[in-house]
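All remarks here apply to the structure that follows.
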Amino acid sequence: MNRVSSSTRNLIQRLGFGFLTLMTIFTVVPIIAVVVYIISKGSPAISWEFLSGFPHDGMRAGGILPAIIGTLYLTLGTALFAVPLGVAAAIYLAEYAPDNRWTRLIRIAIINLAGIPSVVYGLFGLGLFVIFLKFGTSILAASLTLSIMTLPVIISTAEEALRAVPQSFRTVSISVGATRWQTIRRIVLKEALPGILTGIILGLERAAGETAPILFTGAAFFLPRLPGSLFDATMALPYHLFVISTQVPDMPIQIQYGTALVLLVFVLGMNLTATIIRSRARARRQW
Amino acid sequence: MVDKIIIENLSLQYSDGTESLRNISMKIPENEIMVLFGPAGGGKSTLLRCFNRLNDLTEVRASTGKILIDGENILDQKTDVIALRRKVGMVFARPVVLPMSIRSNLTYGLELAGETRRSRLDEAVERSLRLAAIWDEVKDRLEEPAIDLSGGQQQRLCLARSLALQPEIILLDEPTSGLDPISTGKVEAALQELKKDYTIILVPHSIQQAARTADHAAFFLQGELVEFRPGREIFTNPKDKRTEDYVTGRFG
C-alpha cells in the first residue's frame, strides 16, 4: 500500500510549494520593478513648478498642470455619467430582473462590452458624441466615451456586491412590512456600498489611465489655458505622456518619466483607496 | 372559541415543483398554539408563508382557494400585503438579525410604518424584548450590533422583532432548530405566555416539540393535510394510519 516513503512525499510537497512560491514572486517582481523604475527616473522631475505650471518651450520645459487638471475633469465627468447609470443598472439586474432570455442577453452584452478594445470605444465616441451629437472634441464627448467603457466594470462589480448581501436579510425585511425598494435602500444598498464603491473606483481608475478612448474625442495636443467648459477639449495625463514620448523631438527624458510618475501615483492612489475601503468594510461587516 | 384563520380549499404549486399544497381546508382558532408538523417537503412552510404572503417572493405556478383572516381573503389581489405583514409576524428557522444594532432591529419595522416618536419606539423595544424573555439580557447593550448576541439570544430577538409591530398572528418556522435545549426552553416558555394575546402558528423542529406545545395539531404529508385534531390526542391516539406511522417514528 504505502509504496512512496514519507520522506519522498515530503520532498514532493516541498518542491511543490517552492514552485508555487517562485511563480508568485515572478508575478510580483515586474510590478514592483515598474513602480521602482518610474519613481527613480521620474522623481527628479517632480517640483512645485512641474505640478502647477504650464508646459512651455514646445513642452520641453515647464509643468503639466493642464494635463493633471484635464485628467481630473475627465475622471469626474466619467463618474458623473457612469456611476448613476451603472449602479442603477446593477440594482435592476440584481434585485428586479427576472431570469429570462432578455436579461441573459443583457448580461452577455455587458460581459462583451468589457472585452471591447479601448480604441474601438474611441472610434465609437467620435462617431456618436463628437460628430453625430455635435459635442465636438470636448470633455463632454470624452467623458461619455470613457463612461461607456467604464460601465461594464461598474455594473458587474456592483451587481456582484448586491448579490453578496444575504437573501435572508431581504426576506426578513419584507416580512416586517418593508417594500422591496425600502429593503434595497435601507439594507441591501447599505451593505453592498463598500463593494460598489470599490467597483466604481476600479472602473474610474481604468478610465483615468486610458489614452485611446480620448484620443479622438476630447484630448488636445497642447492648450495654452485650462478648459473653461464641458465643450472645451482638454489635455490629459495619458495622452500627454504619449505626445511627449513620441511626437516631440529632443524631449528631456525626465519630463516623460515625471509625467508617468504623476499618472502612476494618481491611478495607484485610487487603487489604494479602493483597497482601504474594502478591508475596512470587511472588518465592520455584520454577516 | 373564535376562528382567527379559515383556510378554504387552498392549493398551491411552486414553479420549480418543489413543495405544493393540495386542497387544504382548516380552521385556526384564536389565542392558541397551532402546530403544523410532518416530514420535510410536506407543505408546512409553504402554508406558513401563505399567511403573510411571503410566497409572493417565490415563483408560484398556480394557486387557488382562500385564506380568511378575520373574515377577509388575504389571497385576494387587492389585499394590502404591507399591512398584512404588520399584522402577521414571522420568525424563521435560522435567526436572521439585520446588520444593525439590537435596538434598530426592533424599531426597523415600526419606522417603516411611520413611527418616529422616540418614546413610542423605546416603549415598543422594551415591551417586545420583555415578551420574548430577553429584556434582562440585552437591556444594557441595546446599541450594540445584534450579531454579537448568541444564537439563542438572536432567535429571541427575532421573536421580539416580530412582536414589536404588535401583530395579531405569529408564524414560527422551526424557530428552535438551531438552538440548544436551554434556549429552546426559553422560546417555548415565551410562546406559552404569548398565546394569551396572540394566535400562534408553529412549525416545530421535532415531534417532541410538537407534542409539548400544541393546542391544536395538523399533520401534513406531501402537500396534504392528513389529520387535524384539537389538543394533543393526535400524538397519543392518531386516527390515520399515516399519522400513526409518523408519530411512532416509523418514517420521517
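These protein sequence lines map, in sequence, to chains A and B. Residues in the first sequence are numbered from 26 upward in steps of one, following our numbering. Residues in the second sequence are numbered from 73 upward in steps of one, following our numbering. We treat Cβ as the ideally placed atom computed from N, Cα and C, and that holds for glycine.
Separation of Thr170(A) and Phe154(A) (C-alpha to C-alpha, rounded to the nearest whole angstrom) is 8 Å.
Inter-residue distance for Gln281(B) and Gly110(B) is about 12 Å (C-alpha atoms, whole angstroms). Following the DSSP letters along the chain, one finds Ser97(B) in no alpha helix (DSSP H) but inside the beta strand (DSSP E) bounded by residues 92-101. DSSP, read as helix, strand or coil, puts Gln149(B) in coil. Taking the beta carbon of Gln311(A) as reference, the chain B residues within 7 Å of it are Pro171, Pro217, Ile219, listed in sequence order.
With fewer than 16 other Cβ atoms from the protein chains shown falling within 10 Å of its own Cβ, Asn35(A) counts as exposed. Using a CB distance cut-off of 8 Å, Ser304(A) does not count as an interface residue toward chain B. By the 16-neighbour rule on beta-carbons within 10 angstroms, Arg195(A) is buried. Within the segment 121-151 of chain B, Asn124, Leu126, Leu129 place their CB atoms closer than 7 Å to a CB of chain A, listed in sequence order.
Judged by their CB atoms, Tyr180(B) and Val201(A) are nearer to each other than the 8 Å cut-off. Contact of Tyr180(B) with chain A is assigned, a C-beta pair being separated by under 8 Å. Just so you know, the alpha carbons of Ser83(B) and Val144(A) end up roughly 58 Å apart. Ranked by Cα distance from Glu265(B), the first of Ile105(B), Asp142(B), Ile77(B) is Ile105(B).
Any Cβ of chain A closer than 8 Å to the Cβ of Ala185(B) would place that residue at the interface, and such an atom is present. In this structure, the beta-carbon distance from Gln227(B) to Pro253(B) does not fall below 8 Å. Chain order gives no chain A residues near Ser255(B), where near means a beta carbon separation below 9 Å; the closest approach is about 19 Å.
The distance from the Cβ of Pro101(B) to that of Asp142(B) is about 13 Å, inconsistent with a contact at the 8 Å cut-off.
Sequence-distant Cβ neighbours of Leu289(A) in its own chain, meaning closer than 6 Å and more than five residues away, are Ile63. With a threshold of 8 Å between beta carbons, Val213(A) makes no contact with chain B. Listed in chain order, the non-local C-beta contacts of Tyr264(A) below 7 Å within the same chain comprise Thr236, Ile239, Leu240, Ala244, local neighbours out to five positions each way being set aside. Within 10 angstroms of the beta-carbon of Thr90(B) lie fewer than 16 other beta-carbons, which makes it exposed. Looking at the DSSP output, Gln85(B) bridges to Ser92(B), Ala134(B).
Ranked by Cα distance from Val287(A), the options His81(A), Pro69(A), Leu40(A) are led by Pro69(A).
Contact of Arg202(B) with chain A by beta-carbon distance below 8 Å is absent, the smallest such distance being about 19 Å. Per DSSP, the beta bridge partners of Arg301(B) are Ala289(B). In this model, Val168(B) and Val197(A) are separated by some 7 Å (Cα to Cα).
Using a CB distance below 7 Å, no part of the segment 275-296 of chain B faces chain A.
Going by beta carbons, Leu165(A) and Phe256(A) fall inside the 8 Å limit. Counting C-beta pairs with one atom in each stretch, the segment 211-223 of chain A and the segment 127-136 of chain A have fewer than three that are closer than 8 Å, which means they do not touch. Fewer than three beta-carbon pairs drawn from the segment 259-274 of chain A and the segment 169-184 of chain A are found closer than 8 Å, and the two stretches are therefore not classed as touching. Identification of chain A residues near Leu108(B) by a Cβ-Cβ cut-off of 9 Å yields none; the smallest Cβ-Cβ distance measures about 18 Å.
Nearest CB-CB separation between Val210(B) and chain A: not below the 8 Å threshold. Per DSSP, Ile105(B) lies in no alpha helix (DSSP H) segment; the continuous beta strand (DSSP E) that holds it begins and ends at 105-109. Against chain B, a Cβ distance below 9 Å from Gln207(A) picks out Leu184.
For Thr256(B), the closest C-alpha among the options Glu131(B), Pro239(B), Tyr270(B), Gly224(B) is that of Gly224(B).
When CB distances to chain B are screened at a threshold of 9 Å, not a single residue of the segment 220-234 of chain A falls below it.
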